[in-house]
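**Q** Take this structure, written in structure tokens, and hold onto it; I'll ask about it next.
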Amino acid sequence: MTRERLELGERGETLAFEKIKSLGYGNIIRNYRCRLGEVDLVAKDGDVLVFIEIKTRKGGPPGFAKEAVTARKQKQISKVALNYMKTNNCCDVSARFDVVAVSMGSGPPRIEVIKNAFDLAYG
Numbered sequence: 170m171t172r173e174r175l176e177l178g179e180r181g182e183t184l185a186f187e188k189i190k191s192l193g194y195g196n197i198i199r200n201y202r203c204r205l206g207e208v209d210l211v212a213k214d215g216d217v218l219v220f221i222e223i224k225t226r227k228g229g230p231p232g233f234a235k236e237a238v239t240a241r242k243q244k245q246i247s248k249v250a251l252n253y254m255k256t257n258n259c260c261d262v263s264a265r266f267d268v269v270a271v272s273m274g275s276g277p278p279r280i281e282v283i284k285n286a287f288d289l290a291y292g
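In our numbering, the protein residues as written are 170 to 292.
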């Protein structure tokens, strides 16, 4: 991955983190990793545990970033989420998957939070 893409991703993650905080999400964990993979953010939205994937793109509408969360990526995030819930003894808590789409081009970045972007994917 090029340095430019890494910097774009880091900038997008920072903007997404700030947006999530401004919406009142709490207990935010950045870059949760386990042997099964990684999820960008884990947070609480009220009583709901939220697993958040961040997609940053240069130019284009934020919807394009959402489409980048493929079925394969959804499965991987789902496995990490289930591992997190089991490891942290919170399997009885409501959970959902959000995507934060960050579009950076000319002008200010556009940030869209897509709640319930996908369902638990396994199989």
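Glycine included, C-beta positions come from ideal geometry on N, C-alpha and C.
Leaving out five residues on either side along the sequence, give the residues of the same chain with a beta carbon under 7 Å from the beta carbon of Gln243.
**A** Position 74 of the sequence shown, counted from the start, is the residue given in the question as residue 243. Phe287 and Ala290, listed in sequence order.
**Q** Roughly how many angstroms separate the alpha carbons of Ala264 and Phe220, rounded to a whole number?
**A** For this step, residue 264 is matched to residue 95 along the sequence shown. For this step, residue 220 is matched to residue 51 along the sequence shown. C-alpha separation (whole angstroms): 8 Å.
**Q** At what residues does the beta strand (DSSP E) containing Val262 begin and finish?
**A** In the sequence shown, residue 262 corresponds to position 93, counting from 1. Where Val262 is concerned, there is no enclosing beta strand (DSSP E), given that its DSSP letter is neither H nor E.
**Q** Kindly indicate which residue of Lys227, Val249 and Cys260 has the alpha-carbon position closest to the one of Glu173.
**A** Residue mapping note: residue 173 aligns to position 4 of the sequence shown, counting from 1. Taking each of Lys227, Val249 and Cys260 in turn and checking the Cα distance to Glu173, the smallest one comes out for Lys227.
**Q** Nearest-angstrom Cα distance between Arg202 and Val208?
**A** Counting from one through the sequence shown, the residue named residue 202 turns up at place 33. Counting from one through the sequence shown, the residue named residue 208 turns up at place 39. In a straight line, the C-alpha of Arg202 is about 7 Å away from that of Val208.
**Q** What are the boundary residues of the alpha helix (DSSP H) that Asn252 is part of?
**A** Locating residue 252 in the sequence shown gives position 83, counting from the first residue. Start and end: Ala240 to Thr256.
**Q** Identify, in the order they occur along the chain, each residue of the same chain with its Cβ nearer than 8 Å to the Cβ of Ile198, setting aside the five sequence neighbours on each side.
**A** Here residue 198 is taken as the residue at index 29 of the sequence shown, counted from 1. If we look at Ile198 and ignore the five residues flanking it on each side, its Cβ neighbours are Leu210, Val211 and Ala212.
**Q** Using C-beta distances below 7 Å, list every residue in its chain close to Leu184, excluding the 5 sequence neighbours before and after it, in chain order.
**A** Along the sequence shown, one-based indexing puts residue 184 at 15. Scanning its chain for C-beta atoms nearer than 7 Å, with the 5 sequence neighbours on each side dropped, one finds around Leu184 the residues Val271, Pro278 and Ile280, in chain order.
**Q** Using the Cβ count rule (16 or more neighbours within 10 Å means buried), how would you classify Thr239?
**A** Within the sequence shown, residue 239 is the residue found at index 70, counting from 1. Its Cβ having fewer than 16 others within 10 Å, Thr239 is exposed.
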